[in-house]
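Going letter by letter, the sequence shown gives residues 1 to 525 in the UniProt record's numbering.
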Amino acid sequence: MDFHLLGPLEVLDDGVPVPLGGVIRRGALAHLLIHANSVVATSSLLATLWPGDTPLTARKMLQNAVRDLRRTLACEPGSQGGAVLVTDAPGYRLRVDPDAVDLLRFRQAVERGQAEIAAGTHESAARVLREALGLWRGAPLADLVEDGFAWPELSAWENSRLNALEDLFEAELACGRHHAVLGELHSVAAAEPTRERLICQLMLALYRCGRQTEALAAYRHFRVELVDRFGLEPTPGMQQLERAILAHAPELDPPRRTGPVEVTPVPGPGAEPVREAPPQARAGLTAVGGRASRPRRFNEFTVEHKQVSLVWARYGLEGHGHDPASVQDALREAEWVVREESARFGGTMAQADGPVFSVLFGHPETSEDDAARAVRAAFAIRDRSTGRGTGPAALGADPAGLHVVVVTGDAYLLSRPGEGDTAPRVMGEAADRCFRLLALAPQGQVRVCEVTRRASEPDIAYHVGPEPPDGWEAVRVRRQRHGTHGQNGAHGTEPLRAAGPREWRPAAAAEDLAAHPAAVTAVVR
């Protein structure tokens, strides 16, 4: 007989399902199998079968279930592989061959696979672990859980399955089968977004498939999830992996192997094999002289780690349909507005990502007013893009879909030596927070993080109240700094322009005019 717990409870006799009877009998058998070859107290069985109020006839009902199970599990004389249910004070013991229980076979196979990994025989490890995971037919004891039974062991079993999956992916990656397992990694990572080892394996597989940007995005998404749920940062090992991906570190290169390899997806039987494409057909690699061209190495980049203020502006493109020329024109106009307005406040354009434009303040030199200048630039970008300012509006973009945020924090700035005009790429904590804030920020407003608000509050007015989850709303400019980045003369009216007509308040205007008499002269002229 074979006993299956890794899915709905099932007993097979020479491959034929054995009828198990009612829910009490099936629940008792499952509990005895969970503790196979160990004594199970009668009180433990009663608590499992009747977790609430135990009926007066519970012991009699249990005795009847045990009697029926003994009949069901009895083998023909001389046959092998059956189970014997014996009375053993203070309860019962189910004697069964470990090879007859799928849970016990799974544990033994996982131990063998882990030993193969430790020995460096990854091909054998991958084969053993796939066979082990193929024993799973669904959620453990799913039918009984649906009937209201609960065993704390089930969550531990599920965790063991995930650990085995991670061991399998480790073995497959060590065999150079990153393309073959990438789909499985994506699926499991989507269901388990906070398992660090799993996300590291996904990052490595993506990187080896030539998808560096997606590998870094996987790290950012994991970090945001970890911070939001638990207030924790990734471990130093995972942070080191991110830096290695940024640097195209040679140790991340896959091991060499030849020929296509078939990999059976998890879980097991009946799944179609996945055939990995030969190296010449893989996306993201360009064959040159019979060899794949290699990415740039770390020594071709400079990486600077510092605190900066970032302005991110995302433009809506919904009004342009599927016309590539129209979208391109809209993005070109939007980029011009962002570049021109941010330059007035000393900002540096960073690399854009589609309709999201990024501006750096604090690069190459850090200044105490970086955050304030970043917020003023955000005002100017918003007002000009939506036609609220005095300059021409960027009519090619959709003003109703404009979102602008400002974040101050640590960042990695990547640039190539000798290419001073090339916009740097921004990675790290500040970029992660921009992603999160941009997803929440209401359109048409300027939203900032807490660090930016504190640093810029002498210059910028904010709505009063507890910190909102979508960032602080910047309302208007309190005062204008003079003699910095050209902020005088022609731009003396900026305190009046930045606030826009919606935020006009007599008291605020009086405060601004008293602090900036030059603005009055500019308006009169």
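From the three backbone atoms N, C-alpha and C, an ideal C-beta is built for every residue, glycine too.
- Within 10 angstroms of the beta-carbon of aspartate 167 lie 16 or more other beta-carbons, which makes it buried.
- DSSP, reduced to helix, strand and coil, places alanine 350 outside both helices and strands of the structure shown, so it counts as coil.
- Excluding sequence positions up to five before and after alanine 461, its CB lies within less than 6 Å of the CB of Val475, Arg476 and Arg478, all in the same chain and listed in chain order.
- With distances taken between CA atoms, leucine 310 lies nearest to Met427 out of Met427, Arg197 and Glu242.
- For the beta strand (DSSP E) assignment, the uninterrupted runs of no fewer than 3 residues enclosed by the UniProt DNA-binding region "OmpR/PhoB-type" (1 to 96) are, from N- to C-terminal side, 2 to 4, 10 to 13, 39 to 41, 83 to 88 and 91 to 96.
- Counting only the Cα atoms, glutamine 212 lies some 53 Å from valine 40.
- DSSP places serine 415 in the strand class (E or B) of the three-state scheme.
- In the three-state reduction of the DSSP assignment, glycine 138 falls in the coil class.
- Secondary structure at aspartate 410: strand, using DSSP grouped into helix, strand and coil.
- The three-state reading of DSSP puts glycine 401 in strand, counting E and B together.
- Tryptophan 151: not part of any alpha helix (DSSP H); DSSP gives it neither H nor E.
- In the assembly as shown, valine 308 is a buried residue. Its beta-carbon has 16 or more other beta-carbons within 10 Å.
- Going by DSSP, glycine 183 is part of the alpha helix (DSSP H) stretching over 178 to 191.
- Boundaries of the beta strand (DSSP E) harbouring valine 303: 302 to 316, taken from the DSSP string.
- Around the beta carbon of glutamine 201, 16 or more other beta carbons sit within 10 angstroms, so the residue counts as buried.
- As the crow flies, the alpha-carbon of serine 187 is around 17 Å from that of cysteine 209.
- Among the bridge pairs identified by DSSP, alanine 461 is matched with Arg476.
- Within the stretch 350 to 383, the runs of beta strand (DSSP E) that reach at least 3 residues and sit entirely inside it are, in chain order, 356 to 361.
- Here the stretch 142 to 151 makes no contact with the stretch 168 to 180; the two share fewer than three CB pairs at distances below 8 Å.
- In this structure, alanine 378 places its C-beta atom within 9 Å of the C-beta atom of alanine 313.
- Within the same chain, Asp68 come within 7 Å of glycine 21 by CB-CB distance, once the 5 residues on both sides are set aside.
- Counting along the chain, the unbroken beta strand (DSSP E) around valine 446 starts and ends at 446 to 448.
- Distance check between glutamate 429 and each of Arg447, Gly409, Ala423 and Leu162 places Gly409 closest, using alpha-carbon atoms only.
- Under DSSP, methionine 427 shares a beta bridge with Tyr412.
- Taking the Cα positions, histidine 403 is about 30 Å away from glutamate 192.
- Distance from the Cα of alanine 109 is smallest, within the candidate group Arg454, Gly401 and Ala126, for Ala126.
- With a cut-off of 8 Å on Cβ pairs, the stretch 338 to 358 is not in contact with the stretch 439 to 448, counting fewer than three such pairs.
- DSSP places proline 324 in the uninterrupted alpha helix (DSSP H) bounded by 324 to 344.
- Residue environment: alanine 431 is assigned as buried (16 or more neighbouring CB atoms within 10 Å of its CB, all protein chains considered).
- If you ignore the 5 residues before and after alanine 380, its C-beta comes within less than 6 Å of the C-beta of Glu341, all in its own chain and listed in chain order.
- Check the Cα spacing between alanine 132 and each of Pro140, Phe106, Ala350 and Glu116: the tightest is with Phe106.
- The residues Glu116, in chain order, have a CB closer than 7 Å to that of serine 124 in the same chain once the five nearest residues on each side in sequence are set aside.
- Residues of the same chain with a CB within less than 6 Å of the CB of alanine 371, apart from the 5 flanking positions on each side, are Ser309, Thr408, Thr452, Ala455 and Ser456 in chain order.
- In the DSSP assignment, cysteine 209 falls outside any alpha helix (DSSP H), carrying neither H nor E.
- Taking the C-beta atoms as reference points, asparagine 37 is found nearer than 9 Å to leucine 94.
- By DSSP's assignment, valine 101 forms a beta bridge with Phe3.
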